[in-house]
Each structure stands twice: as structure tokens, then as C-alpha cells.
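The structure appears right after this line, and notes come after that.
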Amino acid sequence: MTTSENADLFAAPGEAVADRVYTAHGGDWERIVHEQSERADETLVINMGPQHPATHGVLRLILECEGETVKSLRPGIGFLHTGIEKNMEYRTWSQGSAFVTRMDYISPLFNEAVYCLAVEKLLGITDQIPERATLIRVLMMELNRISNHLVAIGTTGNELGATTVMMSGFREREIILDFFEAVTGLRMNHAYIRPGGVAVDLPETGLSQLRETIAWLEKYMPEMSLLVQENPIFKGRTMGVGVQDLTACMAMAVTGPMLRSAGYAFDLRKAQPYCGYETFDFDIPTWDTGDCYGRYRVRLAEMWESLKIVKQCADRLEATAGQPVMYTDPKFGTPADLTVGPDGQGNSHEHVRRIMGESMEALIHHFKIVTEGYRVPPGQAYVAIESPKGELGCHVVSDGGTRPYRVHMRDSGFNHLQSAPLQCEGGMISDVIMAVASIDPVMGGVDR
Amino acid sequence: MSEQKPDPAAQIPPTVPQAPHPVPPAPSAADVMPPSPEQASGQPQPDAPPPAPTRRGMWADGVPDVSGYGGLTTEIVRPAGEPLPGGSWMETIGVRLDALVPGAISRVVWALGELTWHVPREKVAEVMRALRDDAHLRFEMCASISGVHYPLDAGNELHVVYHLYSYTHNRRLRVEVSCPDADPHVPSVVATYPHADWHERETWDMFGVIFDGHPALTRILMPDDWVGHPQRKDYPLGGIPVEYKGAVVPPPDQRRSYR
Chain A
0 MTTSENADLF AAPGEAVADR VYTAHGGDWE RIVHEQSERA DETLVINMGP QHPATHGVLR
60 LILECEGETV KSLRPGIGFL HTGIEKNMEY RTWSQGSAFV TRMDYISPLF NEAVYCLAVE
120 KLLGITDQIP ERATLIRVLM MELNRISNHL VAIGTTGNEL GATTVMMSGF REREIILDFF
180 EAVTGLRMNH AYIRPGGVAV DLPETGLSQL RETIAWLEKY MPEMSLLVQE NPIFKGRTMG
240 VGVQDLTACM AMAVTGPMLR SAGYAFDLRK AQPYCGYETF DFDIPTWDTG DCYGRYRVRL
300 AEMWESLKIV KQCADRLEAT AGQPVMYTDP KFGTPADLTV GPDGQGNSHE HVRRIMGESM
360 EALIHHFKIV TEGYRVPPGQ AYVAIESPKG ELGCHVVSDG GTRPYRVHMR DSGFNHLQSA
420 PLQCEGGMIS DVIMAVASID PVMGGVDR
Chain B
0 MSEQKPDPAA QIPPTVPQAP HPVPPAPSAA DVMPPSPEQA SGQPQPDAPP PAPTRRGMWA
60 DGVPDVSGYG GLTTEIVRPA GEPLPGGSWM ETIGVRLDAL VPGAISRVVW ALGELTWHVP
120 REKVAEVMRA LRDDAHLRFE MCASISGVHY PLDAGNELHV VYHLYSYTHN RRLRVEVSCP
180 DADPHVPSVV ATYPHADWHE RETWDMFGVI FDGHPALTRI LMPDDWVGHP QRKDYPLGGI
240 PVEYKGAVVP PPDQRRSYR
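Quick note, the sequences are listed as chains A and B, same order. Per numbering that gives the first Met the number 0, the very first residue in the first sequence carries number 0; after that it's consecutive. Per numbering that gives the first Met the number 0, the very first residue in the second sequence carries number 0; after that it's consecutive.
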């Protein structure tokens, strides 16, 4: 915030310029400043963000402080609103997968999974998804949960000034993203999980690379705990900060690690199992303080639980090698069941030969599904899964057409950011950073 | 900065998006089916289906597209659902709510393993309070509130969908409320569910549903001075010039440099 006597460079021709120009933009800022100058008390209004490295993207926090104490906090969101839900109404059901993956870009595979589960529910094929496809989904989701928590803890370290924590987190995450790239072709924004299954089976080297990834994580993940768990600075900054007890969690519909850090072992993977989670052996870590420190302990422990699931997946994937990874119905499965070559390129020659030279029906199906898409019976479905941040819900409405009539994602970050005032008011400004970081909002998901 | 010729595209005034084909006016209240008394008992009814609306084209009614399906006429059928399994919790909570708030459920739909209650809008605040507080119901969490726009469902164009979850009983419930486009008012449930705040703001922002009793119903995702409600079906995708500080940025397809 700087003042100058110059005319406001950003003012439109003819626009009145205040005698004092603040080069801070956004909505009601001028009015707030004006009110403050008249008040002449010790209250400071601080506009944190939307371009601030500690706000996890473009989150704007409007703080009213007395000295260092936060009197009121109001989050302003919407700076990353990209109209994904609206766009999806103009694309086919399969293409929706490529849209939802861009919402919460730190945990893209969860978005895809919940959308696909909802579409499959509408199609009535939930029970017919091949086992191997579900296993791959679980594997990818749990690896994604680890990488999400690594980012959550790493960026918190960075916001404390501990760059080492961030580098450590991002190094391990990169190993996971390398695996994702080997499987899906992309590090992020995969569009890998499609209605009916997954786009493509694991590559030939997939399982060996998975074993290497597991070994790497087992070796290096303890580093994260060593860096933060008993670190006196980390503990001093997080213990007793941003406290939200169980009652407040219930009032604000908080789920995920925040709820578990308040002592309630609630996890949708156990409460309402999906994707066969009831057949995996894992625990739900909890903590009893409800503060930022508790949330990190829960996340740290959850990464190890996820790794347990990943190992079980690896064994089962070995046993199911060669089985289909897509719901096999020629009116539905194509083109997702195309065999993409080992180089990850284009249509397989096998498929092209078949539709062009052998089967008229295959060509018709291919053409219909590529140009028009498949139809989904009318109705609505709501599916909720346990994302790394909490309950991730997807409400899908179909009118029987080839495109979604309405898709709404209930992002946990959107809901959880409402708790920021509750956690921060009455605390110090420096604690705002820790509280917001411990909520782990990703603005792509919050604003959609 | 060099002298620039005025860009003709920059002269376009910001326009309010218009529906390419305006939605027909809502009919009188007499056309809207009142809930019959026996439907309020919490039992699923083989309700007389309302006259099936149809839509033309591939996407929304009358929206021009290049898909080649512009002449297609499709009947929009909304599923009536299946009968509720006898003696199940789906049935008992309906009876329970009916005892607490008589006539609260105008229609029950049980489809795809999901229970939907259609609730008259004037009862929604009372229903939500009962759903949260009664020990037999106890839906502690209102996970999601969002809107759905059915421009062809005359008299009930705007639907508000609440997804509730009960930690105590491990159940999910969907409550659906509708209101006409001409009078888009629905009582707010923030007093019962504090976390409904932002969800209701988003529904107002995207659909224009006014939640009466909301503490601060303002836009949340779109800019404060935005005109229109983008997720309504009569709002176009793209084609909206964006105004910022007096200058107008035309939509991408109308920028001269891209032509």
C-alpha cells in the first residue's frame, strides 16, 4: 500500500480521483479506507491478498486489527471463478472429467472420481465397474492424498519461513507426480478417471515403478515428520492456534482432517464406503486438540495410512493383471477403451483397423460416441467421497441428454473457509497465516 | 506508451445478457399442482405426472448450436422413483417429520438409492429446524445447497437442492424446494445451519434465488457489480463483454486481433 500525489494511473477518463491514491484494488477498499480515516482509532484494516504468497492462491482476507490482534476477518473469494460448472453443461459426459479435474488442482483425481461415481450412479452401472478399474482408482486417489498432504504441510512450512519443509514435501510429491505421469500422461489435470472406469491400464512398467515409488516414500516421508513434528518453532506457531473444537466443527459442517483433529474419527471411507474401501485395512488417525498442530499430526499420520492402502492395491493389481479397466459396452465404453500405445500416443492401430476395415457397427459406435456422446438416464445423484480436505460431493442432474443438465461440486475448501473468522478472530495476525494454511483451501476448488 | 487508434470493440457498451429465446411467462398459481392431502403422509405417491415439457435442440431449449441437432425435439421426463421399501428408515423419518411439521412433504422420490423430499418453500426453514433438532431425524450437516434451473417447468423454474447428512444415523437426504422465476424467494436456513451461509450466497449469485432472512446475501463468486446470474439456462456461455475500470474487454470471439 503506497500513497502518491499522482493521478491514479488506473482511473478511467473523467473518473474522480481521491486526493490520496491507494494502489490497492478491489471492491469496497476505498470506502473502508475512508471510514477508517474518519474513525481515528487504533483499528487497522488490512487487506491480505488476493495476491499474497501465504493465501494459497487468490484468496482475499479483509482483516480488522487492533494492534496485532485480529478483531474481525472476512474472506473474499471468487477470484479464480472460471465457470467450470457452466461449461460442463455444454460438453459431453466424458468430457466432464477433464473439467472437474481442474477444480481442486492439488487433488485432481478425487474430483474425477467423485464425478465419475455420480455419473455411474445415474447410469446404473455402479456394480459393473471392473474390479481392476476400481483398484486403480483407489491407488491413484490414495497416492494423490499423500501428495496433497505433502503440499499442505510443505507450503505451511514455507509460510513459516522454513523453505526446507517445502522442498522436502515437493520432492516427495514430484516422485508421486512422476508416477501419475507414467500412468496418465500428465502430472496434473489428468482426466484419467472416466465414467465407466479409467482411461487406460497401467503401463508395462507401472507396477515396478509403483514399487519404487513406495520404497522412496517409505524412505523419505519420515523426513517431513522429523522437520516439523517436534520442531519448537513449528510447535510454537501451531499449538493452540486456530482452535476449532468439535461443537464448532459441527456448526460449520467441517469434515476431513480438521474434524478428525478435534477428536471425531469420522471418515466417509469407513462410514459410507465406496470403491471397495471396506476391503482395505487402514485406520483413521485422530488428534484431540482441534488446533493447527493437531491438523498436521492428523495429516502426517494419514499419509502413512494411505501408503498402507497403496501397498495393498499394488498386491491386488498384480493379481488382476490383464483384466479390463473399462465398463465393456460398445454403446458406452469407446473411445475411452482405446488401447493407447506405450508411447502414450493416439488411437491404437488395432482399433483403427477394426473400425475402418472389419466392423461397420464398431465404426458407427465410434462415430456416435465421439460426436454425440452417450445418453444418461434422467434423474439426479449426489455422491460424496472423502477427499484429502474433507467431504467432496458431486450433485449431477441429467435430463436424459448427452450432456449434464447441471453439475455442482461441493468442495470442502469452499465450506471450510467459512470457518476462518471463527478460528482467527481474537488471535494474532501471524496466526491468521497458520489457520488459513491448516484449513488447506485450494482456490481452484473453492471458486470453481 | 504509443498512440493507439481507438479499438471499435472497446466501444461496445456492457450489455445485459439476454435470453436468445425468452422463457415463457409463468402461468397463474392455479396451474401449479397443489400437493394433495394424501401425498403429505410421507408415503411415495404414484403422482400424476405433470404435463411433460419438451425441449428442442441439443442443449438448452432454442439455444442455437452447430451440432446439427437443432431440430431435435426431446420430451423431458423426470423420474418418479420407486416405491419406498416398507418399514425402512426412509419411510419412518417421513412419518416422523409429518408429525412434527404437518404437510411438510409434498412429494417423495426414492430413486437410485437416494431419498428426495419435495418441500413447499414456505415450510423449508421449519422443516430444516426439525430435521436438525429431532432425535429421530438428526441431520446435523447440510453438506451442500445449490440450484437447478428448469426454465420449462412452468411455475417452478428454480429449484434449490439441499443435501443433508446425519452423523448420528449415517443417512443422507435430499430436500428440494422450488420457486417460480417471477418470485424467486426461499426462506434462508442459515439460522439452523450456520454453514449454509456461503452455499446460499452462491445459489443467489448463480441462479438469482433470494434467500429471505440471510444475514448478508451478496455475490460471492462473481464480481459485486455483475449483472445476471450465470448458471441460469437462459444465460449464454461466453459472449459477455467484461467491464473493468471504465474500459470494456470484449469476449474473445469478438476481439479484433483474433478475427
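Built from N, CA and C at the ideal position, the CB exists for glycine as well.
Span separating the alpha-carbon of residue i from that of residue j
i	j	result
residue 197 (chain B)	residue 49 (chain A)	18 Å
residue 190 (chain A)	residue 207 (chain B)	32 Å
residue 138 (chain A)	residue 68 (chain A)	44 Å
residue 110 (chain B)	residue 373 (chain A)	21 Å
residue 227 (chain B)	residue 210 (chain B)	17 Å
residue 182 (chain B)	residue 220 (chain B)	23 Å
residue 108 (chain A)	residue 247 (chain A)	30 Å
residue 65 (chain A)	residue 93 (chain A)	52 Å
residue 122 (chain B)	residue 404 (chain A)	27 Å
residue 175 (chain A)	residue 156 (chain B)	46 Å
residue 351 (chain A)	residue 57 (chain A)	45 Å
residue 154 (chain B)	residue 393 (chain A)	27 Å
residue 101 (chain B)	residue 63 (chain A)	46 Å
Same chain, Cβ closer than 7 Å to residue i, five either side skipped, listed in chain order
i	result
residue 138 (chain B)	130, 131, 163, 164, 165 and 172
residue 121 (chain A)	375, 376, 378, 380, 395 and 397
residue 171 (chain A)	149, 216, 219 and 220
residue 416 (chain A)	74, 76, 438, 440 and 445
residue 195 (chain B)	141, 144, 188 and 189
residue 151 (chain A)	298 and 439
residue 136 (chain B)	92, 95, 96, 129 and 130
residue 248 (chain B)	240 and 241
residue 213 (chain B)	187, 189 and 199
Helix, strand or coil at residue i [DSSP, three-state]
i	result
residue 232 (chain B)	coil
residue 283 (chain A)	coil
residue 210 (chain B)	strand
residue 257 (chain A)	helix
residue 155 (chain A)	helix
residue 96 (chain B)	helix
residue 102 (chain A)	coil
residue 240 (chain B)	coil
residue 414 (chain A)	helix
residue 291 (chain A)	helix
residue 177 (chain B)	strand
residue 109 (chain B)	strand
residue 439 (chain A)	coil
residue 184 (chain B)	strand
residue 116 (chain B)	strand
Spatial neighbours of residue i in its chain, beta-carbon cut-off 8 Å, leaving aside the 5 residues before and after
i	result
residue 293 (chain A)	260, 261, 286 and 287
residue 218 (chain B)	200, 203, 204 and 225
Exposed unless 16 or more other CB atoms sit within 10 angstroms - verdict on residue i
i	result
residue 71 (chain B)	exposed
residue 94 (chain B)	exposed
residue 363 (chain A)	exposed
residue 259 (chain B)	Because residue 259 (chain B) is not part of the residues shown, which for chain B are 0 to 258, the question remains open.
residue 103 (chain B)	buried
residue 359 (chain A)	exposed
residue 45 (chain B)	Residue placement at residue 45 (chain B) cannot be trusted, given a pLDDT of 43 that sits under 50; what the coordinates show is reported in the next sentence. Counting Cβ neighbours within 10 Å, residue 45 (chain B) comes out exposed, since fewer than 16 surround it.
residue 146 (chain A)	buried
residue 232 (chain A)	exposed
residue 179 (chain A)	buried
residue 366 (chain A)	exposed
residue 430 (chain A)	buried
residue 204 (chain A)	exposed
residue 96 (chain A)	buried
residue 244 (chain B)	exposed
Sequence-distant residues of the same chain with beta carbon closer than 6 Å to residue i, five excluded per side
i	result
residue 155 (chain A)	436
residue 388 (chain A)	255, 411, 412 and 439
residue 291 (chain A)	237, 240, 241, 433 and 437
residue 116 (chain A)	382
residue 141 (chain A)	305, 308 and 309
Counting Cβ pairs, one atom from each stretch, are 3 or more of them under 8 Å apart for the region 297-317 of chain A and the region 274-285 of chain A? Yes: at least three Cβ pairs fall under 8 Å.
Would the region 428-445 of chain A count as touching the region 89-108 of chain A if we require 3 or more Cβ pairs under 8 Å? Because the criterion of three Cβ pairs below 8 Å is met, the region 428-445 of chain A and the region 89-108 of chain A touch.
contact_flag[the region 174-186 of chain B, the region 145-155 of chain B] where n(CB pairs < 8 Å) is 3 or more: Flag = yes, the region 174-186 of chain B and the region 145-155 of chain B touch.
Would you check if there are 3 or more beta carbon pairs closer than 8 Å linking the region 247-267 of chain A to the region 213-225 of chain A? Because the criterion of three Cβ pairs below 8 Å is not met, the region 247-267 of chain A and the region 213-225 of chain A do not touch.
Touch check for the region 228-243 of chain A and the region 312-329 of chain A: three-plus C-beta pairs under 8 Å? No, because fewer than three Cβ pairs between the region 228-243 of chain A and the region 312-329 of chain A fall closer than 8 Å, the two stretches do not touch.
Quick one: any contact between the region 415-425 of chain A and the region 64-77 of chain A, if contact means 3 or more CB pairs under 8 Å? Contact between the region 415-425 of chain A and the region 64-77 of chain A is present, with at least three C-beta pairs closer than 8 Å.
Is there contact between the region 224-232 of chain A and the region 119-135 of chain A, where contact requires at least three CB pairs shorter than 8 Å? Contact fails: fewer than three Cβ-Cβ distances are below 8 Å.
Using 8 Å as the Cβ pair cut-off and three pairs as the minimum, do the region 155-170 of chain A and the region 80-87 of chain A touch? Taking a cut-off of 8 Å for Cβ pairs, the region 155-170 of chain A and the region 80-87 of chain A do not touch, as fewer than three such pairs fall below it.
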